[in-house]
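**Student:**
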Amino acid sequence: DVVLTQTPVAQPVTLGDQASISCRSSQSLVHSNGNTYLEWYLQKPGQSPQLLIYKVSNRFSGVPDRFIGSGSGSDFTLKISRVEPEDLGVYYCFQATHDPPPFGSGTRQEIK
Amino acid sequence: EVKLVESGGGLVQPGRSLKLSCAASGFNFNDYWMGWVRQAPGKGLEWIGEINKDSSTINYTPSLKDKFTISRDNAQNTLYLQMSKLGSEDTAIYYCARAVAFDYWGQGVMVTVSS
């Protein structure tokens, strides 16, 4: 099974600064159809998760452009420029290329 | 507006069964895969499984394949999760979500397995 390793586990940030989260897969996430099904979710405190990014770098509707997904193969990054208070919570990467699809273990982003 | 509302959770004794429902509205339910994800208290997200538009394909995480059954009723715009042989490890919030790429999520329903 694919394992997704997220780092860091916790990330204290200063509002207005940039933050970066890494997600590394134990296997390439390139599907046989050429797509890479790597997604990013944010779970704010007390809320359901919400989709931020799909297929590595596509922002979901309504997601601010300060969220930038990048990467390829088995190495992916989510960058958040100019962190705002509503960006705090736990970020998860998720891959849907291989079955069963796992979530990463999560990165808790908190105010420094 | 897309809306997903889970129901059917609660306190259940170990070894018993429970069936969760997810009522969908605001979109053409027949056109989408649907999935279930759970989150144990204080833990991360765990993918349970997914079902395609006409129920011809249903995938599960291997550890839950013999305990959980996903189904849907397109006429009722409802997704289901039948859970059997429940143990304390199944205590969690259960979310339904629209797939592929879980773009909309329900609010979640709590299932507590305890005697």
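Chains as they are written, first to last, in the working numbering: chain A, 1 to 112; chain B, 1001 to 1115. Every residue gets a Cβ at the ideal spot worked out from N, C-alpha and C, and that includes glycine.
Keeping to the same chain, check which residues put their C-beta closer than 7 Å to that of residue 1042 of chain B; ignore five residues upstream and five downstream.
**Tutor:** Around residue 1042 of chain B: no qualifying Cβ.
**Student:** Any beta carbon from chain B within less than 8 Å of residue 101 of chain A's own beta carbon?
**Tutor:** At least one chain B Cβ lies under 8 Å of residue 101 of chain A.
**Student:** When the Cα atoms are used, what is the spatial distance from residue 52 of chain A to residue 1066 of chain B?
**Tutor:** Using only the alpha carbons, I get a separation of about 32 Å.
**Student:** Helix, strand or coil for residue 75 of chain A per DSSP?
**Tutor:** In the structure shown, residue 75 of chain A sits in a strand (DSSP, three-state: E or B).
**Student:** Report all residues from its chain with a CB closer than 6 Å to the CB of residue 1077 of chain B; omit the five preceding and five following residues, and keep chain order.
**Tutor:** Same-chain partners within the cutoff: 1024 and 1029.
**Student:** Across which residues does DSSP place residue 10 of chain A in a beta bridge pair?
**Tutor:** DSSP output for residue 10 of chain A lists A:108 as bridge partner(s).
**Student:** With DSSP run on the structure shown, which of helix, strand or coil describes residue 141 of chain A?
**Tutor:** Only positions 1 to 112 of chain A appear in this structure, which leaves residue 141 of chain A out of reach.
**Student:** Using a Cβ cut-off of 8 Å (strictly closer), state whether residue 1032 of chain B contacts chain A.
**Tutor:** Taking Cβ atoms only, chain A never reaches closer than 8 Å to residue 1032 of chain B, which makes this a no.
**Student:** According to DSSP, is residue 1029 of chain B helix, strand or coil?
**Tutor:** Three-state DSSP puts residue 1029 of chain B in a helix.
**Student:** Please report the straight-line C-alpha distance between residue 1080 of chain B and residue 1098 of chain B, rounded to a whole angstrom.
**Tutor:** C-alpha separation (whole angstroms): 13 Å.
**Student:** Can you find at least 3 beta carbon pairs, one from the region 1008-1017 of chain B and one from the region 82-100 of chain A, that sit closer than 8 Å?
**Tutor:** Touching, no.
**Student:** With 8 Å as the threshold, decide whether the Cβ of residue 91 of chain A is near any Cβ in chain B.
**Tutor:** Not one chain B Cβ lies under 8 Å of residue 91 of chain A.
**Student:** Let me see if you follow: with CB-CB separation under 8 Å, is residue 1107 of chain B close to chain A or not?
**Tutor:** So yes, residue 1107 of chain B belongs to the interface.
**Student:** At least one CB of chain A closer than 8 Å to the CB of residue 1079 of chain B: is that the case?
**Tutor:** Chain A, which has no Cβ nearer than 8 Å to the Cβ of residue 1079 of chain B, makes this no.
**Student:** Starting from the N-terminal side, write out each stretch of the beta strand (DSSP E) that is 3 residues or longer and does not extend beyond the region 1060-1100 of chain B.
**Tutor:** The region 1060-1100 of chain B contains these whole beta strand (DSSP E) runs: 1068-1073, 1078-1083 and 1092-1098.
**Student:** Is there a C-beta anywhere in chain A that falls below 8 Å from the one on residue 1036 of chain B?
**Tutor:** No, no contact with chain A.
**Student:** Considering only their Cβ atoms, is the gap separating residue 100 of chain A from residue 1061 of chain B smaller than 8 Å?
**Tutor:** In contact: residue 1061 of chain B and residue 100 of chain A (Cβ atoms closer than 8 Å).
**Student:** Determine the direct distance from the alpha carbon of residue 1033 of chain B to that of residue 1055 of chain B, and round the result to whole angstroms.
**Tutor:** Using only the alpha carbons, I get a separation of about 9 Å.
**Student:** Using the Cα positions of residue 98 of chain A and residue 18 of chain A, report the straight-line distance between them to the nearest angstrom.
**Tutor:** Taking the straight line from one Cα to the other gives about 31 Å.
**Student:** Determine contact between the region 103-110 of chain A and the region 56-69 of chain A, defined as no fewer than three beta-carbon pairs at a distance below 8 Å.
**Tutor:** Too few Cβ pairs lie closer than 8 Å, so no.
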